[in-house]
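Residue numbers (my numbering), protein chains in the order written: chain D, 19 to 132; chain C, 64 to 178.
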């Protein structure tokens, strides 16, 4: 199916564990993004990527790691999960710079860190 | 630097009445502006966008927004609310000349539509 998918959709983990959230898009978009959504904060950019092997920090990158070895995949890893990382995580992609084009969002991953 | 303020965290209207969701922005350069809608437990969907063409922008589902540079506003309107419009709405700003790939989201406005 064409589009952008995220897995898992729901995840419960414990403090200190490593967690990887997956994002896959079928449009061959150059740009991909990771956001977190918390009550009262809207969406905040964690990391983004302009192309394979090119990544850059967003507004709230601490505690997260990303990689992009293939254009279609953009995994987000929490190396040692903390309770403050409990959130809903959205992946998005876009054909060029976001300044000119919309982003296409995945359905989200709800992560709970106990 | 860029920022966006959604002036109302909650808006409640009756079905068939007009909708107004307010957004003010700050941008050091020429901004691109977007409105997204998020229905419960769903991802975000683009409603409309302004990227320096016409200042009155029409979007999907009867929504429109007007870019007013003098007021630094980009308010979202709809003449007649429908029950299916109940959702969370986000205003987004992105400086077109810098920080390609970075954008700033407002905190969101929850729209409730009463029958």
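Ideal Cβ positions, reconstructed from N, Cα and C, are used throughout, including at glycine.
In this structure the stretch 102–114 of chain D touches the stretch 42–54 of chain D; the number of beta carbon pairs closer than 8 Å is three or more. Looking at the backbone, the Cα of residue 105 of chain D and that of residue 56 of chain D are separated by about 6 Å. Listed along chain D are 125, each with a C-beta nearer than 7 Å to that of residue 105 of chain C. Residue 107 of chain C is positioned such that its CB atom lies closer than 8 Å to that of residue 153 of chain C. Chain-order list of chain C residues neighbouring residue 59 of chain D: 170, by C-beta distance under 8 Å. Contact of residue 39 of chain D with chain C by beta-carbon distance below 9 Å is absent, the smallest such distance being about 14 Å. Counting only runs of 3+ residues, the beta strand (DSSP E) found wholly inside the stretch 47–71 of chain D occupies 49–56 and 60–69, in chain order. Proximity of residue 109 of chain C to chain D, defined by a Cβ-Cβ separation below 8 Å, is satisfied.
In the structure shown, residue 125 of chain C falls within a helical segment according to DSSP collapsed to helix, strand and coil.
Under DSSP, the beta-bridge partners assigned to residue 175 of chain C are C:75.
Closer than 8 Å at the C-beta level to chain D, one finds these residues of the stretch 132–158 of chain C: 153, 157 and 158. In the DSSP secondary-structure assignment, residue 74 of chain D is bridged to D:66. Selection C:116, C:88, C:127 and C:125 evaluated against residue 133 of chain C yields C:88 as nearest (Cα-Cα). Taking 8 Å as the upper bound on Cβ-Cβ separation, chain C lies near no residue of the stretch 83–102 of chain D.
Here the alpha carbons of residue 74 of chain D and residue 63 of chain D stand approximately 10 Å from one another.
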